[in-house]
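K.L.:
Residue numbers (the UniProt record's numbering): 1 to 251.
(1) Along the chain, where does the beta strand (DSSP E) containing residue 113 start, and where does it finish?
(2) State buried or exposed for residue 52, treating a residue as buried only when at least 16 other CB atoms are found within 10 Å of its CB.
(3) Would you check if the distance between the CB atom of residue 47 and the CB atom of residue 81 is smaller than 8 Å?
(4) Measure the C-alpha to C-alpha separation of residue 58 and residue 65 and round it to an integer number of angstroms.
(5) Assuming residue 158 and residue 134 make a contact with CB atoms under 8 Å, what is their CB distance in whole Å?
(6) With respect to the alpha helix (DSSP H) encompassing residue 135, which residues constitute its N-terminal and C-terminal limits?
(7) Which residue wins for smallest C-alpha separation from residue 193, given the options 16, 7, 23 and 14?
(8) If the criterion is Cβ atoms closer than 8 Å, does the pair residue 62 and residue 160 meet it?
(9) Which full runs of the alpha helix (DSSP H) of 4+ residues lie inside the region 1 to 36, going along the chain?
(10) Considering only DSSP beta bridges, list what residue 191 is partnered with.
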């Protein structure tokens, strides 16, 4: 997680972060541009859960809840990155496609909401594109990312265990009808990119510096604690001394 948006944490000299950069995506074109270019639409909603979350393994109740909730948002154009069993009953304002140009859609000014799983990449893309999010975390760090986004007031999240169409629609409309989420993520992007040098320039510098020293920095650059054995690292030597001293004092 980029340190500019994460909660406070200790960072040593041997950890250099330079991935917090926002790249410019290509404009929408072809079928995706034609789909979102609807004068009656209030904006675009994109749904993407990455490549790890497989829709073919999703419980039927989850898929049905998505279909029902999306059908109710007919005033928006919805693009759903979906690869799984055929979906029945979707209305014409919902496009289902096995592959979507995610960054291009997110950076399109007509996009109003992003629905995703809360992975680090989707977190970063939401900030870079200034797009509010509804997260449905699945596993690992996704719940933490979702809570962080919510605490920064640019996201809400769904509990996958009690997902219903009503619940999903409510969370989506909470963001769509409240401009403060958009304001928050726009301010966050400005803060995210406010650095003394470009992240890629900093990364290039550190790579060149590492190569200059033969692929490894001088020893004083690294944490001494990484070389300690478990007995010393967990202060067992000091605790043992205290325990022995107390024993002799007590006896």
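For every residue, glycine included, the Cβ atom is placed at its ideal position computed from N, Cα and C.
P.N.:
On the basis of the coordinates in this document:
(1) Numbered from its first residue, the chain shown carries residue 113 at position 113. Counting along the chain, residue 113 sits inside the beta strand (DSSP E) bounded by residues 111 to 116.
(2) In the chain shown, counting from the first residue as 1, residue 52 sits at position 52. When all chains shown are included, residue 52 counts as exposed.
(3) Here residue 47 refers to the residue found at position 47 of the chain shown. Here residue 81 refers to the residue found at position 81 of the chain shown. Closer than 8 Å, so yes.
(4) Along the chain shown, one-based indexing puts residue 58 at 58. Along the chain shown, one-based indexing puts residue 65 at 65. Spanning the two alpha carbons is a distance of roughly 11 Å.
(5) One-based indexing of the chain shown puts residue 158 at position 158. One-based indexing of the chain shown puts residue 134 at position 134. Correct: roughly 6 Å between the Cβ atoms.
(6) To locate residue 135, count along the chain shown from 1; it is residue 135. Careful: residue 135 lies outside any alpha helix (DSSP H), inside the beta strand (DSSP E) at 133 to 135.
(7) Locating residue 193 in the chain shown gives position 193, counting from the first residue. Measuring from the Cα of residue 193, the nearest candidate turns out to be 23.
(8) Stepping through the chain shown from its first residue, residue 62 is reached at position 62. Stepping through the chain shown from its first residue, residue 160 is reached at position 160. Yes; because the gap between Cβ atoms is below 8 Å, this pair is in contact.
(9) 30 to 36
(10) For the purposes of this step, residue 191 is taken as residue 191 along the chain shown, with counting starting at 1. The partner list for residue 191 (beta bridge, DSSP) is empty, contrary to what the question assumes.
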